[in-house]
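Notes follow the structure.
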Amino acid sequence: MKVLVVGSGGREHALVWRLAHDSERPEILVASGNAGTAQLARNVPVAPSNIAGLVALALRERPDLVVVGPEAPLCAGLADELRARNIPVFGPGRDGARIEGSKAFCKEILTAAGVPTARAQAFVRSEDAIEWIRRHGAPLVVKADGLAAGKGVTVCDTIEEAEQAVRDALDRRVFGEAGETVLMEERLDGEEASVLALVDGERIALLPSAQDHKRVFDQDKGPNTGGMGAYSPAPVVENPEAAGLRRLIFEPVLRELRRRGIEYRGVLYAGLMITRDGPKVLEFNCRFGDPETQALLPRWEGPFARTLLDCALGRLDPSLIRWRPEACVCVVMAAGGYPGIYETGDPIEGLEEAERLPDVVVFHAGTARRDGQVVTAGGRVLGVTALGSTIPVAVRRAYEAVERIRFRNMQYRRDIALRAWTRPAVGTPTTSQQGDQP
Ligand code: AMP
Ligand code: GLY
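Note that numbering that gives the first Met the number 0 numbers the sequence shown so that position 399 is 398, with each residue one more than the last.
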């Protein structure tokens, strides 16, 4: 079996790593990959944004399966282009990817499907949006409709902040086309969790829960990032099946997509807020999360390549998917200055030493190989990941590995997964891990 993975970050290294450890032993290509994927697969220098280049690559290599990591190529129709040429793809077509690509469309689906979510209204004129803000008052959330690299959401404490966010998007066009429509949304309170499902158009396999850490500094301070760490499971949703999320969220959404003639194949990722009134959907993503995937895939047991292929072909067998009981924690090591301006090209020391530790795997994100040396090549550089019998054990192992690694101006959070055992879950009994120290 030959698999082409599209993408070049930590999520894609985790996908490649899991494929490389699969009993199927697939041949793996990555477009365009990083220094980590290069150790396990053949990196091909075609950018994930180059749709024509990816189609040409797929026609040349004829993989049995293409696994698309990031959302942008899915929203740009890569899966449609490949399916039109009879190449199986794990990932939805452009129509399904709109669930991430347009927050207004996502809200429309959620409302039509009767799934709990924050009340919201879409606007294209700033006067109308501002009138709405003055009528409703703060707090509220202003969201650019389209893909804005995780920067399009402003959680506002005051009316002034909300008005500013509206003017930035609609009048000053700081998000370009992605901000031509904005959503005004009621602000929800609670604990966040990510629940991903594999969907083959009809069948649904819920994956264990995970939680990421979006802010750059400890205690959720500083600006939002792509994600500074993740862990699985998230005690706030111990078990997504037992929490009823299949019937509450995934089945009605899939039914609504099908009703509109959309056949969705790939990951459907629900970003949830667990409120006092129960789980509510904040957003959907049309792909594996980054860095949630780094914390999920080391727990995956059973066939992986075959499961993704079956999902792509509409014949998913959820009974083949099994999970290790251990917890998994991923600590992201980033370049100083990220998510703002940062430097690249700095040598990374200690990678081998870190990886020699038991139950540790170091996923590369922004790395490259230069003159035989692994150097930094992006804002998020590494996802240092460990399994453990409990979250505190996995945390301790992950940080032991982090301490072996050095590069100039590196930064990382010291509190990844801390809230998993220090903050009581909303509406659920306290977990056995509380009070444990790493
Ligand atoms: P999104 O891209 O829609 O997930 O938003 C990014 C982040 O903004 C989420 O992970 C939440 O932390 C926050 N957020 C989004 N929508 C809301 C909401 N309605 N209430 C509170 N926080 C929100
Ligand atoms: N970790 C959040 C995301 O992948 O969008």
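For every residue, glycine included, the Cβ atom is placed at its ideal position computed from N, Cα and C.
Check: residue i C-beta below 7 Å from any heavy atom of the ligand GLY
i, result
"Gly382", "no"
"Pro290", "yes"
"Asn284", "yes"
"Asp21", "no"
"Asp211", "yes"
Closest by C-alpha distance to residue i, when choosing among the options
i, options, result
"Gly9", "Asp219, Thr306, Phe287 and Val165", "Phe287"
"Gly387", "Val380, Arg396, Arg134 and Arg379", "Arg396"
"Glu126", "Ser318, Ser22, Arg97 and Ala161", "Ala161"
"Gly265", "Pro47, Glu70, Ala57 and Thr274", "Glu70"
"Glu250", "Arg202, Glu351, Thr110 and Ala128", "Arg202"
"Ala416", "Ser231, Ala78, Ala242 and Ala112", "Ser231"
"Arg369", "Ala353, Gly344, Val331 and Cys74", "Gly344"
"Asp167", "Arg124, Val88 and Ala83", "Arg124"
"Ala13", "Ile390, Val383, Met409 and Thr389", "Val383"
"Ala121", "Glu240, Asn85, Phe104 and Gly151", "Phe104"
"Glu179", "Ala304, Ala111, Lys102 and Gly336", "Lys102"
"Leu169", "Ala128, Val45, Glu325 and Pro239", "Ala128"
"Gly221", "Val29, Gly336 and Ile132", "Gly336"
"Arg379", "Asn33, Val29, Trp16 and His20", "Asn33"
"Val173", "Gly151, Asp188, Val194 and Arg186", "Gly151"
"Asp414", "Gly175, Val331, Leu356 and Leu350", "Val331"
"Glu60", "Glu99, Asn49, Met0 and Thr116", "Met0"
"Pro278", "Thr389, Val198, Glu99 and Ala117", "Ala117"
"Glu190", "Ala233, Ser31 and Pro297", "Ala233"
"Pro25", "Pro47, Arg305 and Ala46", "Arg305"
"Ala57", "Gly68, Asn85, Thr36 and Gly35", "Asn85"
"Leu247", "Val194, Arg134, His135 and Ile158", "Val194"
"Tyr339", "Ala148, Arg258, Ser22 and Pro324", "A quick correction: the sequence has Gly, not Tyr, at residue 339. It is Ala148 whose Cα lies nearest to the Cα of Gly339."
"Glu342", "Phe406, Ile98 and Val198", "Phe406"
"Ala419", "Arg186, Ala192, Trp131 and Ala83", "Ala192"
"Ala393", "Gln410, Pro62, Thr375 and Pro357", "Pro357"
"Ser31", "Pro62, Asp63, Arg171 and Gly68", "Gly68"
"Leu381", "Ile347, Ala46, Glu352 and Arg133", "Ile347"
"Thr389", "Ala334, Thr110 and Pro324", "Pro324"
"Ala37", "Arg275, Val15, Asp289 and Pro47", "Val15"
Any non-hydrogen atom of the ligand HEM closer than 7 Å to residue i Cβ
i, result
"Met227", "Annotation note on the ligand HEM: not contained in the displayed structure, which lists the ligand AMP and the ligand GLY as its ligands."
The ligand AMP heavy atom lying under 7 Å from the CB of residue i
i, result
"Met332", "no"
"Gly277", "no"
"Leu281", "yes"
"Gly270", "yes"
"Val152", "yes"
"Leu109", "no"
"Glu185", "yes"
"Ala40", "no"
"Glu70", "no"
"Glu191", "yes"
"Lys1", "no"
"Val141", "no"
"Ala117", "yes"
CB of residue i within 8 Å of CB of residue j, strictly
i, j, result
"Gly76", "Gly90", "no"
"Glu255", "Ile108", "yes"
"Arg412", "Met227", "yes"
"Thr153", "Ala164", "yes"
"Val5", "Leu53", "yes"
"Asp211", "Glu291", "yes"
"Gly145", "Ala177", "yes"
"Lys142", "Val181", "yes"
"Val65", "Leu18", "no"
"Ala385", "Ala400", "yes"
"Pro207", "Leu295", "yes"
"Leu81", "Ala96", "no"
"Ala229", "Ala209", "yes"
"Glu184", "Ala119", "yes"
"Leu350", "Val359", "no"
"Ser22", "Pro302", "yes"
"Asp199", "Leu315", "yes"
### 4 or more residues per run - each alpha helix (DSSP H) lying fully within the stretch 238–263
Runs found: 250–258.
### Query
Counting only runs that start and end within the stretch 183–214, where is the beta strand (DSSP E) found for 3 or more residues in a row?
Counting only runs of 3 or more residues that sit fully inside the stretch 183–214, the beta strand (DSSP E) segments are 190–199 and 203–205, in chain order.
### Task
Any chance you could list the alpha helix (DSSP H) runs of at least 4 consecutive residues sitting entirely within the stretch 145–171, in chain order?
Listed in chain order, they are 158–165.
### Query
Taking only runs of the beta strand (DSSP E) that begin and end inside the stretch 326–355, which ones reach a length of at least 3 residues, in chain order?
Taking only runs of at least 3 residues, the beta strand (DSSP E) segments lying wholly in the stretch 326–355 are 326–334.
### Task
Give, in chain order, every unbroken run of the alpha helix (DSSP H) that is at least 4 residues long and sits entirely within the stretch 8–60.
With a minimum length of 4 residues, the continuous alpha helix (DSSP H) runs that stay inside the stretch 8–60 are 9–19 and 50–60.
### Query
Which full runs of the beta strand (DSSP E) of 3+ residues lie inside the stretch 55–115, going along the chain?
Fully enclosed beta strand (DSSP E) runs of 3 or longer: 64–67.
### Message
Going residue by residue through the stretch 285–330, where are the continuous beta strand (DSSP E) segments of at least 3 residues, counting only ones entirely within it?
### Response
If we require 3 residues or more, the stretch 285–330 turns out to have no beta strand (DSSP E) run fully inside it.
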